[in-house]
Each structure stands twice: as C-alpha cells, then as structure tokens.
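S.K.: Note that our numbering numbers the sequence shown so that position 173 is 237, with each residue one more than the last. Where is the CB? At the ideal position from N, CA and C, for every residue including glycine. Treat the numbers as computed from the prediction; the structure is a model and nothing was measured.
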Amino acid sequence: MAQRNKVIITCAVTGAIHTPSMSEYLPITPEEITEQALGAAEAGASILHLHARNPETGQPDQTPEAFSPFLPRIKAGTDAAINITSGGSPYMRVEERVKPAAVFRPEVASLNMGSINFGLFHLLDRYEDFKHDWEPEFLAATRDLVFRNSFQDIEYILSTCYENGTRFEFECYDIAHLYNLKHFLDRGLVKPPLFVQSVFGILGGIGTHPEDVLHMKRTADRLFGDSYRWSVLGAGSSQLRIAAQAASMGGHVRVGLEDSLWLGPGELAPDNASQVTKIRQVIEGLGLEVATPAEAREILELKGADNVAF
C-alpha cells in the first residue's frame, strides 16, 4: 500500500465552464491542451482530467473526434493517468457526455453524482467584451439551467464504462451527492476504493466555508469509512485555500484552469503547471509528499495505462 502521506494532484486542464474571453491562457486547441497537460504532469500532477473544445470557437466538444488529436500525444508524453470527463457540458445529453469515455476506456472518468442548479450567469458582470457570440449566451442561459444527473443517467454511465475497467472520479457538489453515491455502493454498482471529488464553490452547490469542507469530509467518513479516497476542488479564488485545508486533513487535491483561472489575487495563471507548482509547494510545506503516477495508481487501484484504447 502506498504511504498515507502521499497526496495525489489532479489537474483539470480546460473544462467546459470558462470561456475563451476570460483568459488568454485557457487551452483551446489540441496543441494547447497537449502542451499544458504535459506541463502540468511535469510539475507534479499524477492525474490529468481532460475535456475537449472546438479549436475555432472554444466551445465544449464531447465528440470522440475532438479528443483523438490529443489523447495519444499526452499518453506518449507522460506516465500520468488520464481522466476523461463524462460531465462534458451541462447542456449535453448523457449519451453524448459519456461517449469519449466509452470509446477510449480511460483509467479514470469523472461522474457527477446528482443534479444541481448550475449558475454561471453571475460571471457576465465581470467581462465587458467577448470574442465569440456564444459566450454571453452560454453564461446567461445558466440562470435557468439544471445540470441533469438523474439516477438513471448515473446508472447509464456506470453500466457503459465499468466493464472497461474504468474507475470514477465521483464529483460531489453537495452533501446529497454523497448519499447518492452510498445508494449505488449499497446496490453493488460501484466498487471501492471510491475516489470522491468534493466540489466547492459552484453556484447551486455547497459553499466554500471551511465548515463546508469539514462537513463534506465528516459525512463521507461516516458513509464510507476507509473504503474511499477523498479529494477536493475549490472553484475560483477558493482553489488553493480549500486544497491546502484538505491536504492538511489527509486528502488529495485538484487544481487546473477548469476550476480557476487564477494564480493569486488579480493574477491570471499563465498555465496549468503554475497552479500545480503552487499547490505542490503547499503540500511539501505541510511535510507531505506528492504522489507519483505509479503511487496514484496504487492508491486508487487503477488498471494502468497499457489497458486504455488510445
């Protein structure tokens, strides 16, 4: 068993929340996603959480054809485990969202554990100009958006991917999502060790107060005991603060431009690697060690890079 003081850093490279006008450093093209993913791995990320985008407009693109230009290049350039989103974008149907994970059979795929209001409309007030017409429309429409992840949707993703040996990053945006996960565990549809990614700071989900972090951890401890591995991500300015709190509590962490565009107050992160470097400094300052890809695979019981389809 890997040592208990090893901290897994996941880097979520681009995501589907931020739009191109928000940061010139947000990777859009396959070349940019590849370069930034490899840079994050070199800086210490042992898992790379990946989305794809239309290279011309920057819109989220969940077709396998959008992933195929960069997945083999990233695999060839690093030993980090690759995590393909099944969340895609809140506007997509579940059949569309899961398709890349079904086709490429990655070691890890993300899986949202419940439906939530998913508000991004408040970001409109922060930007005066947008490069593309779709951006303000995309953000404004979230005033009336429910990100659907029904029990049926979750079962569909599980049944589509589990026989491929893919494990899941179970994204829990609120306390109820932990209970949803417990329901699937009790039914034998998910297998420990569970990789629970607690998400803080999305409008519609749990907040970012330190007590929120403690409440999420205490609830997961009560529901899952030692059958899960806990990780956190904080949206926006809460990213590093919540990661530091979780690491000090024995958890793993996620950073990346999907979750926050910032390196510090008023300072845009120039790339994903800079965020990985910063949280690595925090982890090592706590007297902990960053897990290597091999150690992350041991901790999460992943199937290994040789067993993926790219």
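Look at the alpha carbon of Ala116 and the alpha carbon of Leu253, and state the distance between them as a whole number of angstroms.
M.R.: 28 Å
S.K.: Out of Ala140, Glu171 and Glu359, which has the shortest C-alpha to C-alpha gap to Glu227?
M.R.: Considering only alpha carbons, the answer is Glu171.
S.K.: Would Ala310 pass as a contact of Trp294 if the rule is Cβ separation under 9 Å?
M.R.: yes
S.K.: For my contact list, Val260 and Tyr292 are in at a C-beta cut-off of 8 Å; report their separation, rounded to the angstrom.
M.R.: 5 Å
S.K.: Would you be able to state if there are at least three C-beta pairs under 8 Å between the region 69-85 and the region 108-126?
M.R.: yes
S.K.: According to DSSP, Arg293 sits in a beta bridge with which residue or residues?
M.R.: Phe259
S.K.: CB-CB under 7 Å to Ala204, same chain, minus the five flanking residues each way: which ones, in chain order?
M.R.: Phe185 and Leu188
S.K.: Rounded to whole angstroms, what is the Cα-Cα separation between Ala240 and Arg318?
M.R.: 21 Å
S.K.: Tell me the rounded alpha-carbon separation between Pro357 and Ala105.
M.R.: Approximately 9 Å between the Cα atoms of the pair.
S.K.: To the nearest angstrom, how far is it from the Cα of Phe194 to the Cα of Gly141?
M.R.: 34 Å
S.K.: Alpha carbon to alpha carbon, how far is Phe168 from Thr127?
M.R.: 11 Å
S.K.: Can you check whether the CB of Pro257 is closer than 9 Å to the CB of Ile363?
M.R.: yes
S.K.: Strictly by DSSP, which residues pair up with Pro94?
M.R.: DSSP output for Pro94 lists no bridge partner at all.
S.K.: Give the DSSP-derived three-state secondary structure of His247 in the structure shown.
M.R.: The answer is helix: DSSP assigns His247 an H, G or I state.
S.K.: When DSSP labels each residue in this structure, what does Thr224 get in the three-state scheme?
M.R.: helix
S.K.: What residue range is occupied by the uninterrupted alpha helix (DSSP H) comprising Arg318?
M.R.: Element bounds for Arg318: not the alpha helix (DSSP H) but the beta strand (DSSP E), His316 to Val319.
S.K.: Relative to the C-alpha of Glu365, which candidate in Gly229, Glu192 and Ser87 has its C-alpha closest?
M.R.: Gly229
S.K.: Given Ala307, which residues of its chain have a CB within under 8 Å of its CB, disregarding the five upstream and five downstream residues?
M.R.: Leaving aside the five residues that flank Ala307 on each side, the residues in its chain whose CB is nearer than 8 Å to its CB run, in chain order, Val296, Leu297, Gly298, Val317, Arg318, Val319, Ile343 and Val346.
S.K.: Count the other C-beta atoms from every protein chain shown that fall within 10 angstroms of the C-beta of Gly122, then say buried if there are 16 or more, exposed otherwise.
M.R.: buried
S.K.: Taking the C-alpha atoms as reference points, what is the distance between Gly368 and Gly328?
M.R.: 35 Å
S.K.: Identify which residue in Ser214, Pro274 and Ser150 has its Cα closest to the Cα of His113.
M.R.: Ser150
S.K.: Pick helix, strand or coil for Ser10, following the three-state DSSP scheme.
M.R.: Absent from the model: residue 10. The displayed extent of the chain is 65 to 374, so no value can be given.
S.K.: How many Å lie between Gly271 and Ser223 at the Cα?
M.R.: 31 Å
S.K.: For the alpha helix (DSSP H) that Thr286 lies in, which residues bound it at each end?
M.R.: Looking at the sequence itself, residue 286 is Arg, so the reference to Thr does not match. Segment Pro274 to Phe288, the alpha helix (DSSP H) holding Arg286.
S.K.: Measuring only the C-alpha atoms, how far is Ala130 from Phe288?
M.R.: Between the alpha carbons of Ala130 and Phe288 lies a distance of about 36 Å.
S.K.: Per DSSP, which residues does Arg231 bridge with? Please list them.
M.R.: Val172
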